[in-house]
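Please read the structure below before turning to the comments.
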Amino acid sequence: MLEQTKVVMRLDGVPDHHRLDVYEANGGYAALRKAIKEMKPDEVIDEVKASGLRGKGGAGFPAGLKWSFVPKDHPGPKYLACNADEGEPGTFKDRWILEHNPHQMIEGCIIAAYAVGLSHIYVYCRGEFYRGKEMIRQAAEEAYARGYLGENILGSGFSTDLTVHTGAGSYECGEETALLTSLEGGRGHPKMKPPFPASEGAWRKPTVINNVETLATVPEIIRRGAAWHAGLGTEKSKGIKMVCISGHVEKPGNYEVELGVPALAIINDLAGGVRGGRALKGFFPGGSSTPVLPASKAGVGYDYESIAEAGSMLGSGALIVFDDQTDVVRMAEVITRFYAWESCGKCTPCREGTRWMLQIYERILNGAGRLEDLDLLLSICDHIEFKSFCPFGDATVGVVRSTINLWRDEYEDYIRNHKVYKRKFMPVKH
Amino acid sequence: MAEQRLNPELEKWVKERMARYPTKRSLLVPTLLEAQKYHGHISPALAEAIGALLETTPRDVLSVASFYTLVHKHPVGKHVIQLCHNVSCFLNGCDDIAAYIEEKLGIKAGETTEDGKFTFITVECLAACDCGPVMLVDEKLYESVTPQTVDRALAEAN
Chain D
1 MLEQTKVVMR
11 LDGVPDHHRL
21 DVYEANGGYA
31 ALRKAIKEMK
41 PDEVIDEVKA
51 SGLRGKGGAG
61 FPAGLKWSFV
71 PKDHPGPKYL
81 ACNADEGEPG
91 TFKDRWILEH
101 NPHQMIEGCI
111 IAAYAVGLSH
121 IYVYCRGEFY
131 RGKEMIRQAA
141 EEAYARGYLG
151 ENILGSGFST
161 DLTVHTGAGS
171 YECGEETALL
181 TSLEGGRGHP
191 KMKPPFPASE
201 GAWRKPTVIN
211 NVETLATVPE
221 IIRRGAAWHA
231 GLGTEKSKGI
241 KMVCISGHVE
251 KPGNYEVELG
261 VPALAIINDL
271 AGGVRGGRAL
281 KGFFPGGSST
291 PVLPASKAGV
301 GYDYESIAEA
311 GSMLGSGALI
321 VFDDQTDVVR
331 MAEVITRFYA
341 WESCGKCTPC
351 REGTRWMLQI
361 YERILNGAGR
371 LEDLDLLLSI
381 CDHIEFKSFC
391 PFGDATVGVV
401 RSTINLWRDE
411 YEDYIRNHKV
421 YKRKFMPVKH
Chain H
431 MAEQRLNPEL
441 EKWVKERMAR
451 YPTKRSLLVP
461 TLLEAQKYHG
471 HISPALAEAI
481 GALLETTPRD
491 VLSVASFYTL
501 VHKHPVGKHV
511 IQLCHNVSCF
521 LNGCDDIAAY
531 IEEKLGIKAG
541 ETTEDGKFTF
551 ITVECLAACD
561 CGPVMLVDEK
571 LYESVTPQTV
581 DRALAEAN
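In the order they appear, the protein sequences are chains D and H.
Number 23 in the working numbering belongs to position 23 of the first sequence; there are no gaps in the numbering.
Number 432 in the working numbering belongs to position 2 of the second sequence; there are no gaps in the numbering.
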């Protein structure tokens with residue numbers, strides 16, 4: 001029976017642990033004191049590097065390495081953008097952290113700012129998180145009042161500020177350079193890399209961008225040491241990950257596990273298995289952007305390398321489970337509509353390709369599909385992938401390709417029999 | 431174009447935050463959201479006033495406004511219902527809830543009731559996929575939505 005390994009969720013169940021006094025009574029801000037009073041900034045970076053911590057927003061890039069890219073001698077301000085623009089369908093871990101454990105994230109932000117020498121922290125929070133924004137604002141106020149933020153933190157001479165910045169509804173703004181464009185007041189379009197944000201980011205100043213969950217892991221690494229963290233997980237995927245399970249399971253929710261445990265154990269032992277005793281048909285291992293895996297691959301280890309070997313990605317850690325009654329063609333249309341409507345429009349392959357794919361899906365579901373549409377869809381995927389500025393384009397093709405490859409017969413059933421999907425409503429772009 | 435004055439509360443809200451950013455324009459996206467609380471939607475006249483405050487052009491304000499789904503570019507009802515229609519909510523039957531809301535309000539997704547009370551739209555993932563279907567009514571999130579939840583939410587908003 002798989003057990004959770006709670007690190008970011010370590011205070012889950014402790015009443016009111018979003019409050020500073022409760023958080024402090026449970027070891028909160030001890031890591032910040034340790035970092036500031038006992039460690040030099042470089043030692044903090046080395047500790048995070050040695051821990052093997054990887055970015056938990058989707059890309060899995062080593063966090064310590066990212067911090068070390070910021071030029072030390074750069075004159076003027078440098079920034080931290082905490083990415084709380086959680087928009088990947090199936091993902092709801094950052095919302096939990098913002099609402100339930102905001103201080104652990106803030107503590108991680110301050111430690112990162114101290115390590116890299118960052119003068120201002122912007123928490124870019126998605127617009128729809130009305131409660132999350134309020135919780136993080138209250139927590140920041142408490143942290144200011146206690147001297148953890150602002151001038152001369154804990155008498156160290158180090159100062160940093162924190163501002164909660166709201167988005168206004170855009171999936172693309174979760175991409176790091178688009179997030180910066182939005183922070184500067186623009187449409188959320190990605191920027192060319194290089195220059196990378198570490199050397200030229202927000203307002204053209206060096207900027208570190210880390211996901212909420214990544215930053216919320218940092219205090220425990222400082223408090224318990226790099227070796228503790230590096231001892232968890234697999235050789236290449238070290239540590240733990242919050243997994244968001246949704247869809248057709250008995251107990252959907254957030255669970256935190258050691259990387260490398262079998263996906264099927266997460267589904268069965270933690271989430272109570274497929275709902276209503278039905279059979280598992282397939283699952284998205286890491287959000288709607290990751291190719292679907294069939295039930296036969298559910299034994300895969302839940303770590304970056306094993307999932308890649310199985311043909312998909314760990315992504316943001318969103319396990320979306322669907323049962324044997326699921327209409328995968330309609331499910332793929334739902335997700336393709338999402339990408340078509342949320343594409344920022346900057347790159348032609350993504351902007352036009354997603355809309356074209358959506359038209360084809362609508363045609364198939366209306367009973368007017370053509371057999372050659374399936375190869376056409378696959379060909380459009382080939383022309384979108386790797387041809388856009390940011391990973392959005394690549395993200396759009398996963399569900400289309402994988403569902404056609406795995407369940408081509410279901411697509412053909414729609415087409416050959418002119419089967420019509422009976423819509424209950426028709427969404428309209430707002 | 432008739433000149434529009436910004437609500438003084440909104441202006442105060444913006445000015446209090448200016449010192450936290452290197453440029454005034456950085457406040458544009460949050461200002462658009464805040465402005466809707468006082469002015470309903472972002473009209474061209476309002477864009478002119480916001481542009482003047484944040485030292486950018488009205489065209490830039492409207493261009494940015496058009497990018498974000500929470501920013502209303504045309505008049506909406508007193509209350510805005512946003513139902514998630516993305517994958518996890520789809521797997522949990524959000525289509526039935528959408529149909530129920532349409533029937534109950536007598537409008538289609540994207541429309542506003544004749545009395546101007548409710549606008550109903552369906553939106554992308556609200557990051558509460560463990561409790562699908564989910565719905566925002568104005569700023570309040572409703573989870574595991576059933577027809578009864580819809581009835582209650584509409585009554586609460588009224």
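Using N, Cα and C, we set each Cβ at its ideal position, and we do this for glycine too.
Open item on the list: If you measure between the beta carbons of Ala279/D and Asp324/D, is that distance less than 8 Å?
Closed with: A contact, by the Cβ cut-off of 8 Å.
Open item on the list: List, in chain order, every chain H residue whose beta-carbon is nearer than 7 Å to that of Gly286/D.
Closed with: Chain H residues near Gly286/D: none, gap ~13 Å exceeds 7 Å.
TODO: Identify the continuous alpha helix (DSSP H) that holds Phe497/H and give its terminal residues.
DONE: Counting along the chain, Phe497/H sits inside the alpha helix (DSSP H) bounded by residues 488-497.
TODO: Please state if the CB of Ala318/D and the CB of Gly282/D are separated by a distance shorter than 8 Å.
DONE: Cβ distance not < 8 Å, so Gly282/D and Ala318/D don't count as in contact.
- [ ] Note down, in chain order, all residues in the stretch 319-341 of chain D with a beta-carbon under 9 Å from any beta-carbon belonging to chain H.
- [x] Those would be Ile320, Val321, Phe322, Asp323, Thr326, Arg330, Met331, Val334, Ile335, Arg337, Phe338, Trp341, in chain order.
Task: Members of the stretch 241-257 of chain D that neighbour chain H once the beta carbon cut-off is set at 8 Å - done: Within the stretch 241-257 of chain D, the residues whose Cβ lies closer than 8 Å to some Cβ of chain H are Cys244, Ile245, Ser246, Gly247, His248, Pro252, Gly253, Asn254, listed in chain order.
- [ ] Could you tell me if Pro438/H is buried or exposed, where buried requires 16 or more neighbouring beta carbons within 10 angstroms of its beta carbon?
- [x] Under this definition Pro438/H is an exposed residue.
TODO: Provide the residue span of the beta strand (DSSP E) that contains Asn210/D, from first to last.
DONE: For Asn210/D, the enclosing beta strand (DSSP E) has its first and last residue at 207-211.
- [ ] Could you give the DSSP three-state label for Met242/D: helix, strand or coil?
- [x] The answer is strand: DSSP assigns Met242/D an E or B state.
- [ ] Could you name the residues that DSSP lists as bridge partners for Arg54/D?
- [x] Among the bridge pairs identified by DSSP, Arg54/D is matched with Pro62/D.
- [ ] Tell me whether His418/D sits in a helix, a strand or coil according to DSSP, three-state version.
- [x] DSSP places His418/D outside both helix and strand once states are collapsed to three, so it counts as coil.
Task: Runs of alpha helix (DSSP H) lying entirely within the stretch 445-533 of chain H, each at least 4 residues, in chain order - done: The stretch 445-533 of chain H contains, as complete alpha helix (DSSP H) runs of 4+ residues, the segments 458-469, 474-484, 488-497, 517-521 (chain order).
- [ ] Please compile the residues from chain D whose C-beta is within a distance smaller than 7 Å of the C-beta of Ser456/H.
- [x] Identification of chain D residues near Ser456/H by a Cβ-Cβ cut-off of 7 Å yields Leu183, Glu184, Gly185, ordered along the chain.
Open item on the list: Please list, in chain order, the chain H residues whose beta carbon lies closer than 8 Å to that of Tyr170/D.
Closed with: Per the sequence presented here, residue 170/D reads as Ser, with Tyr not at that position. Correct list: Phe497, Tyr498, Thr499.
- [ ] Would you identify the three-state DSSP class for Tyr29/D, choosing helix, strand or coil?
- [x] In the structure shown, Tyr29/D sits in coil (DSSP, three-state: anything other than H, G, I, E or B).
Open item on the list: Using the three-state DSSP reduction, which class does Cys344/D fall into: helix, strand or coil?
Closed with: Note: Cys344/D maps to coil in three-state DSSP.
Task: Beta-carbon neighbours of Ser473/H, restricted to chain C and to distances below 8 Å - done: The structure shown has no chain C; the protein chains it does contain are D and H.
Task: Residues within the stretch 147-173 of chain D neighbouring chain H, beta-carbon criterion of under 8 Å - done: Those would be Asp161, Thr163, His165, Thr166, Gly167, Ala168, Gly169, Ser170, Tyr171, in chain order.
Open item on the list: Strictly under 8 Å for the Cβ-Cβ distance: is Gly507/H near chain D by that measure?
Closed with: Taking Cβ atoms only, chain D never reaches closer than 8 Å to Gly507/H, which makes this a no.
TODO: Mark Pro71/D as exposed unless 16 or more other C-beta atoms lie within 10 angstroms of its C-beta, in which case mark it buried.
DONE: So Pro71/D counts as exposed.
- [ ] Could you pull out every residue in the same chain whose Cβ sits closer than 8 Å to the Cβ of Asp16/D, ignoring the five residues on either side in sequence?
- [x] Once the five neighbours on either side are set aside, the close Cβ partners of Asp16/D are Val22.
Open item on the list: Taking 8 Å as the threshold (beta carbon to beta carbon), is Trp203/D in contact with chain H?
Closed with: Yes, contact with chain H.
Task: Nearest neighbour of Pro252/D, chosen from Arg435/H, Pro563/H, Glu586/H [CA to CA] - done: The shortest Cα separation from Pro252/D among Arg435/H, Pro563/H, Glu586/H belongs to Pro563/H.
- [ ] Starting from Met135/D, find everything on chain H with Cβ-Cβ shorter than 8 Å and list it in chain order.
- [x] Within chain H, no residue comes near Met135/D; the closest Cβ sits about 13 Å away, beyond 8 Å.
- [ ] Could you pull out every residue in the same chain whose Cβ sits closer than 7 Å to the Cβ of Tyr148/D, ignoring the five residues on either side in sequence?
- [x] Answer for Tyr148/D: Tyr29, Leu32, Ile110, listed in chain order.
TODO: Under 8 Å by Cβ, that's how I've got Leu53/D and Ile307/D pegged, so tell me the actual separation to the nearest angstrom.
DONE: At roughly 18 Å, the Cβ-Cβ gap does not stay under 8 Å, so Leu53/D and Ile307/D are not in contact.
- [ ] Let me know if Val116/D comes out buried or exposed under the rule of 16 or more other beta-carbons within 10 Å of its beta-carbon.
- [x] The residue in question, Val116/D, is buried, as its Cβ has 16 or more Cβ neighbours within 10 Å.
Open item on the list: Could you tell me the alpha carbon to alpha carbon distance between Gly432/D and Ala482/H, rounded to whole angstroms?
Closed with: Because chain D in this structure spans residues 1 to 430, residue 432/D falls outside the shown range and cannot be described.
TODO: Output the boundary residues of the alpha helix (DSSP H) element that contains Asp73/D.
DONE: Here Asp73/D belongs to no alpha helix (DSSP H), and DSSP marks it neither H nor E.
TODO: Could you tell me whether any Cβ in chain D is nearer than 8 Å to the Cβ of Asp526/H?
DONE: Closer than 8 Å: yes.
Task: Cutoff 8 Å: Gly87/D Cβ touching any chain H Cβ - done: Yes, contact with chain H.
Task: Close Cβ partners of Cys559/H (< 6 Å) along its chain, the five nearest in sequence each way excluded - done: Ser518.
Open item on the list: For Met135/D, count the other beta carbons within 10 Å of its own beta carbon; 16 or more makes it buried, fewer makes it exposed. Which is it?
Closed with: By the neighbour-count definition (other C-beta atoms within 10 Å, threshold 16), Met135/D is a buried residue.
Task: Where Pro195/D falls, given that 16 or more other Cβ within 10 Å makes a residue buried - done: With fewer than 16 other Cβ atoms within 10 Å, it is exposed.
TODO: Grab me the residues of Ser119/D's own chain with a C-beta within less than 8 Å of its C-beta, minus the 5 sequence neighbours each way, in chain order.
DONE: Residues Pro77, Lys78, Tyr79, Ala113, Ser159, Thr160, Asp161 of the same chain have their beta carbon placed closer than 8 Å to that of Ser119/D, with the five preceding and five following residues left out of the count.
Task: Endpoints, beta strand (DSSP E) assigned at Asp161/D - done: In the DSSP annotation of this structure, the continuous segment of the beta strand (DSSP E) that includes Asp161/D starts and ends at 161-166.
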